[in-house]
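Take a look at the structure set out below.
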Amino acid sequence: RHWLFWFPVNCVCLLSLFNFPCSSQSTFTMLAVRRSTPVTARACLRLGVDAVRRKATRSAPQNAPATATDGASGVPWGDLEVAGLRAPPPPLMREEEVYSYLTPGIRKTKVEDLSSQWDNLGFKIRPLNGYVKYTYQNQRWDMGTFVPAPYMLLHINAGALHYGVSCFEGLKAFGCKDGMIRLMNPTLNALRMQEGAYKLRMPEVPVETFVEGVSEAVKRNAEFVPPYGHNASMYIRPLLFASGPMLGLSPLAEEYTFMATVLPAGGYFSKDSGEEGIAALVMENHDRAAPRGTGAVKAAGNYAADLEPVHYAKDQGYGTTLYLDAKERKYIEEFSVCNFVGITKDGRYVTPAAESILASTTNRMLQQLAKDEGLTVEQRPIDYDKEIDDFAEIGMCGTAAVVVRVKSITRGNKVTKPPSFDMLSKLRAKFTSIQCGELPDKHGWMMDVCPHPGM
């Protein structure tokens, strides 16, 4: 076996010494070693060969359960996984072929790169230390693993790719005043993801697994949590999807993946638009979600439905879209990626209710803060034409945006301009003060993760 491995490697090295051409376009290398053999990405790159095949000589029962990564060593959350490899692997059947795929080159973010940007992070992807991943196989979730590369191996017939079997969440971690990093209400997100899993016929992620996964993702990237005192946080994106193959809607996939990625982020909207306000356009020719469809869960496909409309609106000079109900085109549903919230001229906090609206976790907590302020909270259908002029304040509410002022809403030739944002701004200030530890957490929303390494 050792000879089988080193022979092609030595051949490649000799060819390179004499300037013989070797393929540099290959996107993968298959190693003639057991997959549990430690192999670094750099060593794989040095191989420079297109492929070296091996046939498995071990046999095992076909339904043998997969061993969780790190299971052999007994060390939880070990950095054992090279992109495209799992160690140790599940047992292989005789004559199975094993392929190892290389990732593209990755330039990871360094803390010093962000030291002067904490107040101007924007909302964009930055490669950090890695992400957390769990795999569901043989009717159970494994123990999870930490993956250092922002890539994963996926079957070309994965149910998520062909049929949109995927839902995600969004929540945040904060560098708090006392030096602790905290998550905000992760249980609420875990329960909402379970609703999405049920709707899309995926296995539920247990609440404790969800919380463990997002917490571990934050711990492994703790140095990138924006320090206290900056208008920023760590945005966390948990994702659940069918990673196993599906051909047709039945049978369902047998493998699913739950993962949590993180990124340091400022506001979803720019500071200028966030304070001045966003101009919204009512979409007359597009619907976000159908009644009794998937609108009430955070299914990935719901957001694809907004791509063409929101870019059309931005081409017309608007910042976002507003959707009415698909059945009657009468009742307010949602903004592009946010809930509609408003303060009426007589001081009531009003937000729409419909079976096709995603219940924002931020909106739920803001409703509680509004009650704490003595406001009447109403979650009910809102007739756009009859009630839109009754609002003194209108905001877009969501995890990434918190609450952003809506300065105008255009429907046809009518433009509505809410005159104020005072109460929603007050609620937002109270909400963000709880997040960073400046105000007491009376409702028990914040959960400790770990001390901030930079404080």
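Going letter by letter, the sequence shown gives residues 25 to 479 in this note's numbering. Backbone N, C-alpha and C fix where the C-beta goes; we use that ideal spot for every residue, glycine too. A quick note: this is a predicted structure, and the numbers were derived from the prediction, not measured.
Item                                                                                                                                                    : Value
Give me the Cα-Cα distance between L69 and A173, rounded to the nearest whole angstrom.                                                                 : Annotation note: pLDDT 36 at L69 (below 50); position unreliable, no value reported.
State the start and end residues of the unbroken alpha helix (DSSP H) segment that holds M389.                                                          : 385 to 396
Unbroken alpha helix (DSSP H) runs of length 4 or more, entirely within the region 220 to 276: which are they?                                          : 231 to 244
Which runs of the beta strand (DSSP E) fall wholly inside the region 402 to 467 and span at least 3 residues, in chain order?                           : 415 to 422, 426 to 435, 438 to 440
Would you tell me roughly how many angstroms separate the C-alpha atoms of E278 and T423, rounded to the nearest one?                                   : 32 angstroms
Of all the options F265, K322, F359, which has the alpha carbon lying nearest to the alpha carbon of C421?                                              : F359
Three or more C-beta pairs closer than 8 angstroms, one from the region 221 to 238 and one from the region 266 to 284: is that the case here?           : yes
Distance check for Y280 and N213, CA to CA, integer angstroms please.                                                                                   : 19 angstroms
Measuring alpha carbon to alpha carbon, tell me which of Y123, R150, E121, Y125 ends up nearest V135.                                                   : R150
Specify the secondary structure class of L195 as computed by DSSP and reduced to three states.                                                          : strand
Distance check for G199 and R388, CA to CA, integer angstroms please.                                                                                   : 23 angstroms
Taking D499 and Y355 to be in contact with their CB atoms under 8 angstroms, please state how far apart those CB atoms are, rounded to whole angstroms. : Given that the chain is displayed from residue 25 to residue 479, the structure contains no residue 499 and the question cannot be resolved.
Assign P210 to one of three DSSP states: helix, strand, or coil.                                                                                        : helix
Cα-Cα, which of Y125, P288, A394, T233 is closest to A453?                                                                                              : A394
Taking a contact to mean a Cβ-Cβ separation below 8 angstroms, would you say S190 touches A197 in this structure?                                       : no
When the Cα of D330 is compared with those of Q340, A313, G341, Y342, which residue comes out closest?                                                  : A313
To the nearest angstrom, how far is the alpha carbon of T440 from that of V306?                                                                         : 11 angstroms
Could you check what DSSP says for E279 in three-state terms: helix, strand or coil?                                                                    : coil
Apply the 10 Å Cβ neighbour rule to G220 and answer buried if 16 or more other Cβ atoms are within range, or exposed otherwise.                         : buried
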